[in-house]
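K.L.:
So that you can map any letter, position 146 of the sequence shown is 142 in this note's numbering, and since no number is skipped, the others follow by simple counting.
Backbone N, C-alpha and C fix where the C-beta goes; we use that ideal spot for every residue, glycine too.
Source: prediction; values computed, not measured.
Before we start, here is the structure in question, set down as structure tokens.
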Amino acid sequence: MGKQSRRTRTSVGKQQPSQSALVHSFLHAAPDAEDPDTSEHTVRCGTVDVRVPPLIPNWTAHAHAVAHLTEFGWQNVEQTPTFSSADVLAALVDEQRRHGLAHLQFVDLTPHIPVDPGARHDLVIQLSNGWQREFSAAQPHRAAFYFRSAENTPAILGGFTRAHILQYKGADAARSVIRTLPTPAAQLFHRGVTYSFPSIFTQHSALFVARILLQLFSDDAYEETCTACRRPLYTHDGSGTIQVREFVPTPCKHGMHLSCRHTLEEHCQAYGLAPHCLQCTELLPPYTVPPLHADVVSTPSLKV
Ligand SMILES: [Zn+2]
Ligand SMILES: [Zn+2]
């Protein structure tokens, strides 16, 4: 599959727009020409004709893509992790040993996602569906993931936008759904299930991400709990929907619900104590970072 994906990426790379002035004028002079690569076109979805944007966007820079995606309703498009998918893979190897999960094999698929702002918008969903099939129930010890980065955001969110337009049969309906969704930060494929993680998931550290990912494979569910109330920082129902409650990281690499952080501060103040982590007693600096989201739910996996 790795080889196949690389081939896909290479062939797509060759189709990236290098549109000459002649081709451009031809396309725009022919009112009936519906080239799905470069112009808006119609796709038959069941009994409905759906107008969809070109497969190859005319986004020439990442900032251009971010502006379009934000306008389309995606929140916090620029909220990408400060670490790389390779950092997560390295953290996973260390944590796997600690958790007795060394038999699991993780594959980092992030390098297969194009980083060009003009990357095709049908690619990520095709790859995603292929990966869901590849990392099937027949291979319980193998799992794979990709992470969204500043570079691959146009390909990922552009692809998700197209999928929503097809799924909800039109741009207006897609837009109103997308406005209510947290923006995905990562997908994980395991036993034929695609898990989608919201952006808040990657606003901590590679180590924290690795620990949460491993919880999907561990019987000690929800080890990553709030150090104040000991309730989980996230939940999942096994079908691919991950719920992450709003939390804040602590310098000691623990996590705390935002509401618990506020309560702790009030309690400590009332007793004349400095706010500290209830798990390891390390002192907590004043919390000033604005909240990222209210309680959020990940995007369900899309099949188009
Ligand atoms: Zn809590
Ligand atoms: Zn702590």
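Counting along the chain, where does the beta strand (DSSP E) carrying residue 189 start and finish?
P.N.:
Note, residue 189: beta strand (DSSP E), 189 to 194.
K.L.:
Indicate whether residue 140 and residue 105 have their beta-carbon atoms separated by less than 8 Å.
P.N.:
Yes; because the gap between Cβ atoms is below 8 Å, this pair is in contact.
K.L.:
For residue 86, tell me which candidate among 150, 113 and 206 has the shortest Cα-Cα distance.
P.N.:
Per the Cα distances, 206.
K.L.:
So for residue 168, helix, strand or coil by DSSP?
P.N.:
In this structure, residue 168 counts as helix in the three-state DSSP scheme.
K.L.:
Who are the near neighbours of residue 60 in its chain, counting only those whose CB is closer than 7 Å to its CB and skipping five residues on each side?
P.N.:
So the list reads 113, once near-sequence residues are dropped.
K.L.:
Using 7 Å as the cut-off, classify the Cβ of residue 223 as near or not near the heavy atoms of ligand 2, replying yes or no.
P.N.:
Checking the Cβ of residue 223 against ligand 2 gives yes.
K.L.:
Looking only at its own chain, which residues have a Cβ that is under 6 Å from the Cβ of residue 281, when we skip the five neighbours before and after it?
P.N.:
If we look at residue 281 and ignore the five residues flanking it on each side, it has no Cβ neighbours.
K.L.:
Would you list, in sequence order, the uninterrupted beta strand (DSSP E) runs of no fewer than 3 residues that lie entirely inside the region 109 to 189?
P.N.:
Listed in chain order, they are 138 to 143 and 180 to 186.
K.L.:
Helix, strand or coil: how does DSSP classify residue 22 here?
P.N.:
Because residue 22 sits at a pLDDT of 47, beneath the cut-off of 50, its placement in the model cannot be relied upon, and the following sentence gives the value as read from the coordinates. The answer is helix: DSSP assigns residue 22 an H, G or I state.
K.L.:
Does DSSP classify residue 53 as helix, strand or coil?
P.N.:
Three-state result, residue 53: coil.
K.L.:
Could you give the DSSP three-state label for residue 83: helix, strand or coil?
P.N.:
DSSP places residue 83 in helix when its eight states are reduced to three.
K.L.:
Which residues does DSSP pair with residue 244 in a beta bridge?
P.N.:
According to DSSP, which records beta bridges pairwise, residue 244 is partnered with 252.
K.L.:
Could you tell me how far apart the beta carbons of residue 109 and residue 142 are, in whole angstroms, since I believe they sit closer than 8 Å?
P.N.:
Yes, residue 109 and residue 142 are in contact; Cβ-Cβ is about 6 Å, under 8 Å.
K.L.:
Suppose you measure from the CA of residue 261 to the CA of residue 42; what does that come to, to the nearest Å?
P.N.:
Their Cα atoms are separated by approximately 55 Å.
K.L.:
Taking the C-alpha atoms as reference points, what is the distance between residue 66 and residue 157?
P.N.:
So the two alpha carbons sit approximately 11 Å from each other.
K.L.:
Go ahead and pull the three-state DSSP assignment for residue 263.
P.N.:
Correct three-state label for residue 263: helix.
K.L.:
Taking the alpha-carbon of residue 73 as reference, which of 81, 55 and 64 has the nearest alpha-carbon?
P.N.:
Of 81, 55 and 64, the residue nearest in Cα terms is 64.
K.L.:
Can you list, in chain order, the residues of its chain whose CB lies under 6 Å from that of residue 321, leaving out five sequence neighbours each side?
P.N.:
Nothing can be reported for residue 321, as the shown portion of the chain is limited to -3 through 300.
K.L.:
Please name the residue, chosen from 115, 138, 137 and 166, that lies closest to residue 153 on a Cα-to-Cα basis.
P.N.:
The residue with the shortest Cα to Cα distance from residue 153 is 115.
K.L.:
Going by C-alpha to C-alpha distance, which of 79, 225, 194 and 35 sits closest to residue 70?
P.N.:
Selected option, being the one with the closest Cα: 194.
K.L.:
Tell me residue 37's beta-bridge partners as DSSP assigns them.
P.N.:
Per DSSP, 48.
K.L.:
In three-state DSSP terms, what is residue 104?
P.N.:
Residue 104 falls in the strand class under three-state DSSP.
K.L.:
Can you give the Cα-Cα distance for residue 147 and residue 51, rounded to whole angstroms?
P.N.:
So the two alpha carbons sit approximately 18 Å from each other.
K.L.:
Do residue 213 and residue 100 come within 8 Å of each other at the CB atom, strictly closer than that value?
P.N.:
In this structure, residue 213 lies closer than 8 Å to residue 100 by Cβ.
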